[in-house]
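Student: Going by the numbering used here, the sequence shown opens with residue 333, and the numbers climb by one from there.
Beta carbons: idealized from backbone N, C-alpha and C, even for Gly.
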Amino acid sequence: MSDIAIKPRTKVKTKTQKPRLHKVILVNDDYTPREFVVLVLKAEFRMNEDEAYRVMMTAHRRGVCVVAVYAQDIAETKATRATEAGRRKGYPLLFTTEPEE
Ligand code: TYC
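#1: Do you know offhand how far I357's Cα is from T342's?
#2: So, at 7 Å on beta carbons, what are the nonlocal neighbours of R413 in its own chain, with the 5 sequence-adjacent residues on each side left out?
#3: Helix, strand or coil for V359 per DSSP?
#4: At a cut-off of 7 Å, would you count V359 as near the ligand TYC, judging by its Cβ distance to the nearest heavy atom?
#5: Could you tell me the boundaries of the beta strand (DSSP E) in which V396 lies?
#6: Rounded to whole angstroms, what is the Cα-Cα separation between A384 and K347?
#7: Start and end of the alpha helix (DSSP H) containing E434?
#8: Spell out the partners DSSP gives H354 in its beta bridges.
#9: Can you list, in chain order, the residues of its chain whose CB lies under 6 Å from that of V370, leaving out five sequence neighbours each side?
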């Protein structure tokens, strides 16, 4: 039997991963009134009238627009709340989320 002692070489990784940020995306539809989209953007995403109007018009013209970027749980909560605000009025307004690259 060999008497050679083998030292375990276990390294502890101390790297902490930064949580990935998630985008909240506004999706265009043909039914939600423009003014209502602006209202929701101002209320849920603390935008002023100009910012909200620009985001709404970008989604209107291009189909989607990134509204803001947050930690995943905040992005999902805000997207859900904003979508529900439309649902309560009977509009198909939709906010989705996706991880940032
Ligand atoms: N396209 C809608 C209209 O013409 C307005 C609208 C804009 C709806 C952006 C949703 O994400 C949206 N009334």
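Tutor: Straight from the coordinates:
#1: 44 Å
#2: These residues qualify, in order along the chain: E376.
#3: strand
#4: yes
#5: 396 to 403
#6: 39 Å
#7: Outside the shown range of the chain (333 to 433) lies residue 434, about which nothing can therefore be said.
#8: Y402, P431
#9: A384, Y385, M388
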